């Protein structure tokens, strides 16, 4: 894994996530600040780069749900 590959995947997933959830970039940035989505993608690069974009979006959604449930505790 190199930094360019990670950055490319982060950009691809961020754009797809914005489109899929009909978000504006500012809302994605807010979610990223709160839940470290781009860091999550970086940490999960090895399995994620073999997964389709929709699969990664689903993983990000699950990750955010887990983070939200932990906030409530």
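Residue numbers (the working numbering): 551 to 623. Don't be surprised by glycine CBs; every beta carbon is placed ideally from N, CA and C. Small disclaimer: the values here were computed from a predicted structure and weren't measured.
- Taking C-alpha positions only, residue 567 is separated from residue 622 by approximately 24 Å.
- Between residue 613 and residue 590, the C-beta gap is smaller than 8 Å, which places the two residues in contact.
- Comparing C-alpha distances from residue 606 to each of 587, 617, 581 shows the shortest one belongs to 587.
- Look at residue 586 here: in three-state DSSP terms it is coil, with no helix or strand label.
- Going by DSSP, residue 603 is part of the alpha helix (DSSP H) stretching over 603 to 622.
- Note that the C-beta distance between residue 585 and residue 617 is below 8 Å.
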